[in-house]
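Just so it is clear: in the sequence shown, position 96 is 182 by the working numbering, and no numbers are missing. Working notes, structure below.
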Amino acid sequence: MKRYFQNKSFLLGFCLVAFFVIFMIAGIFHLPCDPNFPDSSQKFASFSAKHLLGTDHLGRDVLSRLLVGTRISFGIGFAVMIFGCVAGILLGSVSGYFGGWFDLVIQKLVTVQMAFPGILLALMLIAVFGTEPKITILALCIMSIPRFTRITRASFLKYRNSLFVKSARARGASHARIMLVHILPNALPEILVTCSLSFALAILSESGLSYLGLGIQPPAPSFGRMLNDAQRFIFSSPQGVLIPAFFLTALVAGFNLLGDGISEVNGE
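Here is the structure:
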């Protein structure tokens, strides 16, 4: 951990992510205003003690909407990351360790899925099943599996014939023990980098779908939804676009910097 925190990319990413975690937790316990309550008398209100970041075109408090939007982004990012990580590790470990027809079938499926644009898959699922949040999350989960599978498979191919694996095999260790105890811990640094990047990509993808009106539906706030609502008033009220754009950029940059830092330290 000392080496990680000596890395500038990791330290900056950690600080950004820590800020948003604290920001999200604060929103769970206290919201300055109802994030979905419109107040026509407070449209486009500037920064004040009551509305620290102003209000939008409906008079809704921007800070409260950002607090809830951060919670939504973290929830979706975490769900997508966990699903992709678990499914990808299972598929990648079997593919890389056993090889043969296991590897052939799994890699063909992964290749086909990667050849199909992820956003197009999400649009197809949403068109068929509707704009429910769970459909958006399902589409993003499916999109996240191939990168975890590829990374895990590469690590298992690298270590499956290593001396420590041969030694464990000679002592009578089972395949499951070799995969879980001996190989998987050595693959964790690469998987952690993938987790960080997957988290950031899930947040960006959800924001993009919400911006198009196909992700989180109103009145629930999300960064993409807030950008969509504010773009019509960008010249009369530019803070409506700049503030959620800044928060989205900082959040995604934080996770990307974490991944870069982990990669740099492990590559030394």
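Just so it is clear, CB atoms sit at the ideal spot from N, CA and C, and this is done for glycine as well.
Option in the options with minimal Cα separation from residue i
| i | options | result |
| --- | --- | --- |
| I175 | S248, F234, N247 | F234 |
| I231 | M200, R146, S291 | M200 |
| G185 | S127, L295, A240 | A240 |
| L153 | N122, F169, I168 | N122 |
| F333 | L211, I221, G155 | G155 |
| H116 | M87, V103, R157 | R157 |
| I111 | P124, S159, L211, Q128 | S159 |
| A331 | N314, T222, V107 | N314 |
| I168 | P271, I223, G145 | I223 |
| D319 | G258, L207, L144, V198 | Checking the sequence, you will find Phe at residue 319 rather than Asp. That would be L144, whose Cα lies nearest to the Cα of F319. |
| S293 | A208, V214, S260 | A208 |
| D346 | F321, V279, V107 | V279 |
Length of the line joining the Cα atoms of residue i and residue j
| i | j | result |
| --- | --- | --- |
| F130 | V191 | 56 Å |
| F164 | W187 | 32 Å |
| R151 | L300 | 19 Å |
| G113 | K136 | 16 Å |
| I162 | P307 | 13 Å |
| Q303 | A262 | 43 Å |
| Y297 | V166 | 19 Å |
| F202 | L226 | 13 Å |
| R89 | K194 | 39 Å |
| L295 | Y245 | 39 Å |
| S126 | P305 | 16 Å |
| S291 | A254 | 42 Å |
| C171 | E218 | 23 Å |
| M312 | R236 | 35 Å |
| F100 | F309 | 21 Å |
| D142 | A316 | 7 Å |
| I221 | P275 | 31 Å |
| M87 | P271 | 16 Å |
| A213 | V198 | 21 Å |
| P79 | L98 | Since the first residue of the chain shown is 87 and the last is 354, residue 79 is not available in this structure. |
Residue span of the alpha helix (DSSP H) that contains residue i, given as start and end
| i | result |
| --- | --- |
| G113 | 94 to 115 |
| V196 | 186 to 201 |
| S284 | 270 to 297 |
| G140 | Segment: none, G140 is in no alpha helix (DSSP H) and carries neither H nor E. |
| D315 | 309 to 316 |
| C227 | 219 to 245 |
| G204 | 204 to 215 |
| S253 | 249 to 256 |
Cβ shell of residue i (< 7 Å), same chain only, five flanking positions each side left out
| i | result |
| --- | --- |
| T238 | G174, I175, G178, S179, G182, A273, I277 |
| A256 | none |
| V103 | G340, F341, L344 |
| R146 | P121, N122, F123, P124 |
| F106 | T156, L337, G340 |
Cβ-based neighbour list, residue i, same chain, cut-off 6 Å, excluding 5 preceding and 5 following
| i | result |
| --- | --- |
| L138 | L149 |
| M229 | G204 |
| S282 | F341, L344, G345 |
| D189 | S181 |
| Q128 | T141, G145 |
| M210 | none |
| E215 | Reading off the sequence shown, one finds Phe at residue 215, where the question assumed Glu. Result list for F215: I221, in chain order. |
Cutoff 8 Å; reference residue i; Cβ partners in own chain excluding five residues on either side
| i | result |
| --- | --- |
| F242 | G178, S179, S181, G182, Y183, M265, I269, A273 |
| S322 | F130 |
| V196 | L177, I231, P232, T235, R236 |
- Indicate whether the contact test is met: 3 or more Cβ pairs, each with one atom in the segment 312 to 332 and one in the segment 251 to 267, closer than 8 Å. no
### Task
Answer yes if the segment 337 to 354 comes into contact with the segment 91 to 105, meaning at least three C-beta pairs across the two stretches below 8 Å, and no otherwise.
yes
Exercise for review: Determine contact between the segment 130 to 142 and the segment 235 to 250, defined as no fewer than three beta-carbon pairs at a distance below 8 Å.
Suggested key: no
* **contact_flag[the segment 280 to 293, the segment 335 to 347] where n(CB pairs < 8 Å) is 3 or more** => yes
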